[in-house]
Amino acid sequence: MRGPDVPWYLAVAAFLFATGALGVLLRRSPLIVLLSLEIMLNGANLALIAFSRLHGESSGQIFALAVMAVAASEVVVGLGLIVAIARKRLDLDVDKLSILRG
Amino acid sequence: MIVAAWICLVAPLAAALLITLLGTGVSRRGAAYLATTSVLGSFAAAAVVFAKLWGESPDARSHPSTVWEWLTAGSFHVGLRILVDPLSVFMMLVVSGVGFLIVAYSIGYMDGDDEERRYFAYMALFVFSMLLLVQAGNLVILLAGWGLVGLCSYLLIGFWHERPAAIAAAKKAFVMNAIGDATMALAFFLLIQHRQTLNFPDAFAVGPGHGWLVNLVALGLLGGAVAKSAQLPLQTWLPDAMEGPTPVSALIHAATMVTAGVYLIVRTHAVFEQAPRVQELAAGLGAGTLLMAGLIALVQTDIKRVIAYSTMSQIGYMFLGAGLGAYANAEFHLMTHAFFKALLFMAAGLVIHALAGEQDIRKMSGIGRLMPMTRLAFLIGSLALVGLPPFAGFFSKDSIIAAAMDRGWYGYVLFAAALAGTFLTGVYAFRLFFIVFPGELSPFVQEHLMRGSHAAGMEGAHGEDDASRPHGHDVHEHTGEGPLSMTAPVLILAVLSVIGGWIQFAPLWHPVSDWLEPVARPLAEPTNTQEALASLFAFLLGLAGIAVAWMVYGTRRWRVPKYAFAQRMLEHKFYFDEAYDYAFYRPAVALAQGLGRWIEGPFIGGGIREIARAFRDAGLSTSRLQTGLVRTYALAIAASLAVITIVFVAVR
């Protein structure tokens, strides 16, 4: 096996995931939240592929492909929502979109 | 023969369904003719059955027929089973024959009513139900017919549903009957438990050693019979039932349904014979009712109510007969009573019809002059009711009275009561006749009839008057006494009331008794001397009653005796309504209100309110968790995930 060992990939994956999670939790702009979500997904993808390589079978990679497809559609919906919010001339701030408060 | 019996049963049902399903697709007249034809068809089929049965040997005249078993529980089977035997054929002939005449009469009586189709559908349904009752081959089918006739009675008493009194009367009849239905059902449960069958006649062979069981069953059956036949102590619904149209009173509340109790006792006589005390109770109740109803009839002022009390009184005679074990005599009286009581009701209906719905006899005086045929019919009916020879009542009633002499001291008490009843019958029947028909024309009658039958001749009264009838009417024409469809049945019944009794003259020939003997062997067989004695007494007392009525109401030579207390007593019908009101209705209402106030409000309602409040509070407090901040949710998800991960790792 060539290249770095699996733990290295996992470390990068964890770093990506944590970055994304922090972005989701801390940033207010829906656009950035969406971007951070993508980063989280990519972290997860990386971990999947790394494990797939560790175990020497391809199902993890196929799974990662599926996640990408889902991520793409999710971005389409999310961006659509953001555009709709912008069209309504509302602030692009997730904290202000709180009419679901109980 | 069995096929004919089924046709007899199903024809009126088919007519009722057709009228209902076709709706406005059939004209009002069409509905009337359909119903009439179907009942005539029933009668024809019943006649065929009778003829076939006649040709068989007396011991082989019992033919059950089951179409399908619709209830099976272990060894207990109930099928749609009819039984053709002399008793059921006898009843089929009476029901469909008299029923046909009365439904035909309704064509004229109900002409122009807004809801004729509904009326005829109900009438046909009633005839079907009554036939189901008398043809039933087991007690469940009998109970089904029993309940259906009660339903039809309810529907037809309340037929003019815009009148509150009619609705109240219908409800009263239904509730009173429901009491009887309940006791009957309880009796059936006992029989099911003990005999595992309700088929005739196996169900009745309870056998010795079950005294209490037999007595309970007999009491339950008697309760049903008493409620349906308006006998003491469940009699109060019948007079109120007169709110229905007059043909309904004639068919249901005089000729057929109310006599179902007598039929029930005769049909289940095997049970009653094993419970002689209960059978004596039935006879006693009959005697009590006939006296009480006869007394109340003396003071009533509504033409139909007088006849209704007379019906109660006559059914009292039938109960007396059935209770004494003179089954054939009771059934024979049932038949002749159907003739003359239907005749009286329909003649009264002619008067009411001519007077635009008026039923108060004090306004009717002198109407006989304008309606001679009706007067004759009513006279025949009254004479048959009192039981003067050669009219029908003489032959049937006197045999019942004679049967009472065969029973020791108790029999003589009943005998005296029955004779007193004969006297009362003479008085009230002819009080009614003398008040309504002879004498000077009352202003009310003049106003309603003179114009019609005199000025316009035979063309008859054009009905400006009819517009004022309580049941919304079109203008229609009738000759002086009514259209042919009304007068013809009255005439036929008048003839039957004269000659209908001749088929049995106890000492000399007794085909009715012979016919019914295989089904119900009589317990009491009065000797010829007793028959003659009873007839003599009944004849003299009936005549005395008529004479009293003649002196008081005909010539007005005697004044009506004034006993304020007695009069009040009778006008309030011995305070039965009031007593039931105080004994059952008011405590029930008070109990319900008390429960509502002290239980329902604080405990049940309060409990539910508390539970609801607890849930609402819980919801309010949890709803605070929903901040609406997306980032909070995300944090919560992340934190939960972290916790779950840690737990998984730690547990492994």
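Chains as they are written, first to last, in my numbering: chain A, 11 to 112; chain B, 173 to 824.
For every residue, glycine included, the Cβ atom is placed at its ideal position computed from N, Cα and C.
Being a predicted model, the structure only gives us computed values, none of them experimental.
(1) Is there at least one Cβ from chain A nearer than 8 angstroms to Thr799/B's Cβ?
(2) Can you grab the Cα-Cα spacing for the pair Ala183/B / Ala217/B, in whole Å?
(3) Report yes if the C-beta distance between Ala721/B and Phe606/B is below 8 angstroms; otherwise report no.
(4) Using a beta-carbon distance below 8 angstroms, is Val34/A in contact with chain B?
(5) According to the Cβ coordinates, are Leu410/B and Ala480/B closer than 8 angstroms?
(6) Quick check on DSSP: helix, strand or coil for Ala633/B?
(7) Taking three-plus beta-carbon pairs below 8 angstroms as touching, is the stretch 508-523 of chain B in contact with the stretch 434-449 of chain B?
(8) Closer than 8 angstroms, CB to CB, is Arg788/B near chain A or not?
(9) Is the distance from the Cβ of Ile351/B to the Cβ of Ala296/B below 8 angstroms?
(10) If we define contact as Cβ-Cβ less than 8 angstroms, is Ser108/A a contact residue for chain B?
(11) Does Glu782/B come out as helix, strand or coil in the three-state DSSP assignment?
(12) Give me the DSSP bridge partner(s) of Pro825/B.
(13) Count the other C-beta atoms from every protein chain shown that fall within 10 angstroms of the C-beta of Ile437/B, then say buried if there are 16 or more, exposed otherwise.
(14) Evaluate contact between the stretch 705-715 of chain B and the stretch 518-532 of chain B, counting only Cβ atoms and requiring at least three cross-stretch pairs below 8 angstroms.
(15) In angstroms, rounded to a whole number, what distance separates the CA positions of Arg740/B and Leu406/B?
(16) Against chain A, with Cβ distances strictly below 8 angstroms, would Val815/B count as a contact?
(17) Nearest-angstrom Cα distance between Ile313/B and Leu265/B?
(18) Indicate the three-state DSSP secondary structure (helix, strand or coil) for Val250/B in the structure shown.
(19) Where Pro615/B and Met545/B are concerned, what is the direct C-alpha to C-alpha distance, given to the nearest angstrom?
(20) Have a look at Gly773/B and Arg785/B and give me their C-alpha separation to the nearest angstrom.
(21) Can you find a C-beta in chain B that's less than 8 angstroms from the C-beta of Asp105/A?
(22) Grouping DSSP H, G and I as helix and E and B as strand, with all else coil, what is Phe526/B?
(23) Is DSSP giving Ala639/B helix, strand or coil here?
(24) Expressed to the nearest angstrom, what Euclidean distance is found between the alpha-carbon atoms of Phe677/B and Ala590/B?
(25) Quickly, what does DSSP pair Phe677/B with across the bridge? List them, please.
(26) For Ala806/B, would you say it is in contact with chain A, using Cβ-to-Cβ distances shorter than 8 angstroms as the test?
(27) Whole angstroms are fine: how far does the CA of Val221/B sit from the CA of Ile174/B?
(28) Flag Arg99/A as yes if its beta-carbon sits less than 8 angstroms from any beta-carbon of chain B, otherwise no.
(29) Taking C-beta pairs closer than 9 angstroms, name the residues in chain B that Ala96/A reaches, listed in chain order.
(30) Assign Thr659/B to buried or exposed, taking buried as 16 or more other Cβ atoms, counted over all protein chains shown, within 10 Å of its Cβ.
(31) With a cut-off of 8 angstroms on the beta carbons, I'd call Asp257/B and Val691/B a contact; round off their distance for me.
(32) Taking 8 angstroms as the limit between beta carbons, can you name the residues of its chain near Leu557/B, skipping five residues before and five after?
(33) Using DSSP's beta-bridge definition, name the partner residues of Asn52/A.
(34) Quick check: is the beta carbon of Arg824/B nearer than 8 angstroms to any beta carbon in chain A?
(35) Closest Cβ-Cβ distance between Ala60/A and chain B: below 8 angstroms?
(36) Counting Cβ pairs closer than 8 angstroms, one from the stretch 348-362 of chain B and one from the stretch 383-398 of chain B, do we hit at least three?
Based on what the coordinates show:
(1) Yes, Thr799/B lies at the interface with chain A (some Cβ there is under 8 angstroms from its Cβ).
(2) Distance between the alpha carbons of Ala183/B and Ala217/B: 9 angstroms.
(3) Their beta carbons are under 8 angstroms apart, which means Ala721/B touches Phe606/B by this criterion.
(4) Yes, because at least one Cβ of chain B sits closer than 8 angstroms to the Cβ of Val34/A.
(5) For the 8 angstroms CB-CB criterion, Leu410/B and Ala480/B form a contact.
(6) Any answer about Ala633/B is weak, because its pLDDT of 38 lies below 50 and its placement is not dependable; what the coordinates show is given next. Correct three-state label for Ala633/B: strand.
(7) The way I'd put it, the stretch 508-523 of chain B doesn't touch the stretch 434-449 of chain B; fewer than three beta-carbon pairs between them come closer than 8 angstroms.
(8) Taking Cβ atoms only, chain A never reaches closer than 8 angstroms to Arg788/B, which makes this a no.
(9) In terms of Cβ geometry, Ile351/B and Ala296/B do not form a close pair [threshold 8 angstroms].
(10) Yes, contact with chain B.
(11) Here Glu782/B carries a helix assignment [DSSP, helix/strand/coil].
(12) The structure shown has nothing for residue 825/B, since chain B only spans 173 to 824.
(13) So Ile437/B counts as buried.
(14) Not touching, per the Cβ criterion.
(15) A straight-line Cα-Cα distance of about 21 angstroms links Arg740/B and Leu406/B.
(16) No, because no Cβ of chain A sits closer than 8 angstroms to the Cβ of Val815/B.
(17) If I take the Cα positions, the gap works out to 19 angstroms.
(18) Val250/B carries a strand assignment under DSSP once its states are collapsed to helix, strand and coil.
(19) Using only the alpha carbons, I get a separation of about 21 angstroms.
(20) If you draw a straight line from the Cα of Gly773/B to the Cα of Arg785/B, it comes to about 16 angstroms.
(21) Between Asp105/A and chain B, the shortest Cβ-Cβ separation is below 8 angstroms.
(22) Position check: residue 526/B holds Ala in this sequence, whereas Phe was assumed. Here Ala526/B sits in helix by DSSP.
(23) Low per-residue confidence applies at Ala639/B: pLDDT is 38, beneath 50, and the placement is therefore not dependable enough to give any value.
(24) Answer to the nearest angstrom: the Cα atoms are 19 angstroms apart.
(25) Residue pairing for Phe677/B: DSSP places it in a beta bridge opposite Trp681/B.
(26) Interface residue (Cβ-Cβ distance to chain A less than 8 angstroms): Ala806/B is classified as such.
(27) Straight-line spacing of the CA atoms in Ile174/B and Val221/B works out to 8 angstroms.
(28) Chain B, which has no Cβ nearer than 8 angstroms to the Cβ of Arg99/A, makes this no.
(29) Those do not exist, as Ala96/A stays about 17 angstroms from chain B at its closest Cβ, beyond 9 angstroms.
(30) It counts as buried.
(31) Contact between Asp257/B and Val691/B holds: CB atoms are separated by about 6 angstroms, below the 8 angstroms threshold.
(32) Excluding positions up to five away in sequence, the list reads Ser482, Gln486, Phe512, Lys513, Leu516, Gly565, Thr597, Ala601.
(33) Looking at the DSSP assignment, Asn52/A forms no beta bridge with any residue, so it has no partner.
(34) Any Cβ of chain A closer than 8 angstroms to the Cβ of Arg824/B would place that residue at the interface, and such an atom is absent.
(35) By this cut-off, Ala60/A is not an interface position.
(36) Contact holds: three or more Cβ-Cβ distances are below 8 angstroms.
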